[in-house]
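*Asks:*
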Amino acid sequence: MGLWRDLPDRLREATGRPRTIVYSRHGYGRSAPPPVPRPPSYMHHEARVVLPELLDRLGVTAPVLVGHSDGASIALLHAGAGHPVAGLVLLAPHVFVEDRSVEGVDAARRAFATTDLRARLARHHDDVDVAFGGWCDVWLSPAFRAWDIQDHLAPITCPVLVVQGGDDAYGTLAQVDAIAAGVSGPVERLVLAGVGHGPQFEAAGEVLPAIARFIRSLPATPNPPGGTYHPAGLTPPETGTDK
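So the numbering used here is basically just the index in the sequence shown, starting at one, shifted up by 326.
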């Protein structure tokens, strides 16, 4: 979660929620490496196996899930599988593969090989090649072109906030439209012109207040007190949802 810096603490303070749990998924940050290559169903596994067990071990019920990119898709799959969720904050989510998605991942692959991107990412991951390659390889695989989770959205009835940058290299506003059309609960959109794939960083002055307002509008859910918690050493070792 090093890439998120102090954002979880700022969000906890802005919302007044007593507890924020952040985690890195298998293969990212300081978490254990995953089996590679990742299968096209890797997000389904995270949503239906890893996240439920983690929340159960931590005694968390009906959380507000904040996810970015793959993490946002995992949050949708988790809620769509019928797990109790108070609300979803989806940052640059994807529910199907677009041509732009593949083009963006391929451009990132080239940048990883030819620029300082690898060195910059290495500061945040124990094994940067597994972290980047595990994501890049599955997204560029022919089998993944058919990945589509729109038919998992209808069971979602909790409030949803979708944040999307207009210049996201990995997806278009079609992702936002698909989510709004697919879920059964209320959807709030925040579309930011000139912003790319990391709206929580690129436009924090707009995104953090919007998330705080959204979360404050939700009914309070009982969770243990505590501040921001990084559940190191758990198996599965994660909570929070980032790529």
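No residue lacks a Cβ here, since even glycine has one placed at the ideal position from N, Cα and C.
In this text, all values refer to a predicted model and were calculated from it rather than measured experimentally.
Would you please state the rounded distance, in angstroms, between the beta carbons of Val513 and Pro525? I believe it to be under 8 Å.
*Replies:* In fact, because the Cβ distance is near 16 Å, the residues do not count as touching under 8 Å.
*Asks:* Suppose you measure from the CA of Pro535 to the CA of Ala340; what does that come to, to the nearest Å?
*Replies:* One C-alpha to the other measures close to 8 Å.
*Asks:* Who does Asp463 pair with in a DSSP beta bridge?
*Replies:* DSSP lists no partner for Asp463.
*Asks:* How many Å lie between His523 and Thr440 at the Cα?
*Replies:* Roughly 21 Å between the two C-alpha positions.
*Asks:* If you draw a straight line from the alpha carbon of Asp396 to that of Ile347, how long is it in whole angstroms?
*Replies:* When rounded, the distance between both Cα atoms is 17 Å.
*Asks:* For the beta strand (DSSP E) containing Ile347, name the first residue and the last one.
*Replies:* It spans 345 to 347 - the beta strand (DSSP E) in which Ile347 sits, taken as one unbroken run.
*Asks:* Just mark Pro410 as buried or exposed, buried being the case when its beta carbon has 16 or more other beta carbons within 10 Å.
*Replies:* Pro410 should be labelled exposed.
*Asks:* In the DSSP assignment, find the alpha helix (DSSP H) that holds Val502 and state where it starts and stops.
*Replies:* Where Val502 is concerned, the enclosing alpha helix (DSSP H) stretches over 499 to 508.
*Asks:* Can you tell which of Leu466, Tyr349, Leu414 has the C-alpha that lies nearest to the C-alpha of Cys484?
*Replies:* Of the listed residues, the one whose Cα sits closest to Cys484 is Leu414.
*Asks:* With distances taken from CA atoms, which of Gly430, Ile537, Val386 is nearest Arg515?
*Replies:* Cα-wise, what sits closest to Arg515 is Ile537.
*Asks:* Within 10 angstroms of the Cβ of Arg351, are there 16 or more other Cβ atoms? Answer buried if so, exposed if not.
*Replies:* Answer is buried; the Cβ neighbour count reaches 16.
*Asks:* Looking only at its own chain, which residues have a Cβ that is under 8 Å from the Cβ of Phe470, when we skip the five neighbours before and after it?
*Replies:* Same-chain partners within the cutoff: Pro366, Val423, Val464.
*Asks:* Label Pro344 either buried or exposed according to how many other C-beta atoms from any shown protein chain fall within 10 Å of its C-beta, with 16 as the threshold for buried.
*Replies:* That one is exposed.
*Asks:* What span of residues does the beta strand (DSSP E) with Val488 cover, start to end?
*Replies:* Counting along the chain, the beta strand (DSSP E) containing Val488 begins and ends at 486 to 491.
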